[in-house]
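Going by this note's numbering, the letters in the sequence shown line up with residues 7 to 228, in that order.
Glycine is no exception: its CB is placed at the ideal position from the N, C-alpha and C atoms.
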Amino acid sequence: MDGRGFAECTGVSRETLDRLTAYAALLTKWQRRINLVGPKTVPDLWRRHMLDSAQLLPRLPPGTKTVVDLGSGAGFPGLVLAALGTDRGDGGIEQVHLVESDQRKAVFLREAARAMALGSRVTVHAARIESLDPIRADCVTARALAPVGTLLDYAARLVGENVPCVFLKGKRLEDELTDAKSSWYIKYRIDASQTDAEGAILTIEDFADVRRDSRIDDPPQG
């Protein structure tokens with residue numbers, strides 16, 4: 007798949023395709039210096055990374071204006087969602103916060119946002135999630151960052167509980183959910199990935215820390 011195939015598959019505007027084309031060119035150039043994505047995936051960049059990220063857009067909650075992307079890495083899915091956000095029919099995504107602790111990757115994200123002419127729509131936080139002040143957001147995204155339970159720890163810390171989350175996950179998703187349910191109440195649904203036969207899209211509509219609730223319900227000791 008190339009940019010034209012991506013456009014046919016997603017129906018994006020010419021302006022959005024131009025932004026993503028500039029992004030792809032910059033990523034390919036920087037990939038020679040730092041490892042942004044798996045080297046073997048670069049020839050299939052438009053399907054493995056662009057389309058993989060774009061499939062999250064229709065799964066964001068209606069009216070989503072602000073997105074926090076955890077562990078953005080090379081910008082997937084955060085930068086793609088920022089580019090595609092203007093194509094939404096509900097006014098579009100106004101702000102995407104990219105959280106990336108690797109300083110070199112954070113520099114790349116800023117350069118890519120500039121090359122894509124995204125302006126103030128993108129904010130890059132070059133810091134660990136645990137060190138950031140809370141961010142108000144309508145949705146949290148992540149791709150290939152951590153198990154579900156850890157992602158919910160991060161999301162609760164940064165944006166608070168009950169904020170919808172959309173995560174790109176791999177073949178261990180069911181095991182991750184089993185582990186996460188020991189600590190979290192999770193209302194969710196799972197959809198098949200368009201780009202990975204073993205992948206899935208996990209949409210979490212609501213979540214809450216059952217460890218805290220159990221501590222509240224426990225009778226006093228002594």
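C-beta contact flag for residue i and residue j at 8 angstroms
i: residue 184; j: residue 89; result: no
i: residue 216; j: residue 189; result: yes
i: residue 76; j: residue 135; result: yes
i: residue 37; j: residue 71; result: no
Status (buried if at least 16 other CB within 10 Å, exposed otherwise) for residue i
i: residue 170; result: buried
i: residue 47; result: exposed
i: residue 81; result: buried
i: residue 144; result: buried
i: residue 8; result: exposed
i: residue 137; result: exposed
i: residue 31; result: exposed
Residues near residue i in its chain [Cβ-Cβ closer than 6 angstroms; skip 5 each side]
i: residue 195; result: 209
i: residue 130; result: 104, 112, 115, 116
i: residue 218; result: none
i: residue 212; result: 168, 193
Under the three-state DSSP convention, the category residue i falls into
i: residue 211; result: strand
i: residue 149; result: strand
i: residue 193; result: strand
i: residue 130; result: strand
i: residue 34; result: helix
i: residue 101; result: strand
i: residue 76; result: strand
i: residue 122; result: coil
i: residue 44; result: coil
i: residue 61; result: coil
i: residue 17; result: coil
i: residue 10; result: helix
i: residue 182; result: helix
i: residue 107; result: coil
i: residue 222; result: Residue confidence for residue 222 is low, a pLDDT of 42 falling below 50, so the modelled location carries little weight; the figure read from the coordinates is stated next. In the structure shown, residue 222 sits in a helix (DSSP, three-state: H, G or I).
i: residue 114; result: helix
i: residue 49; result: helix
i: residue 138; result: coil
i: residue 54; result: helix
DSSP bridge partner residues for residue i (one or two, in chain order)
i: residue 177; result: The partner list for residue 177 (beta bridge, DSSP) is empty, contrary to what the question assumes.
i: residue 206; result: 175, 198
8 angstroms Cβ shell around residue i - same chain, five flanking residues per side excluded
i: residue 109; result: 132
i: residue 201; result: 53, 54, 57, 58, 61
i: residue 34; result: 48, 51
Proximal residues to residue i (C-beta, below 7 angstroms), its chain only, five neighbours per side dropped
i: residue 125; result: none
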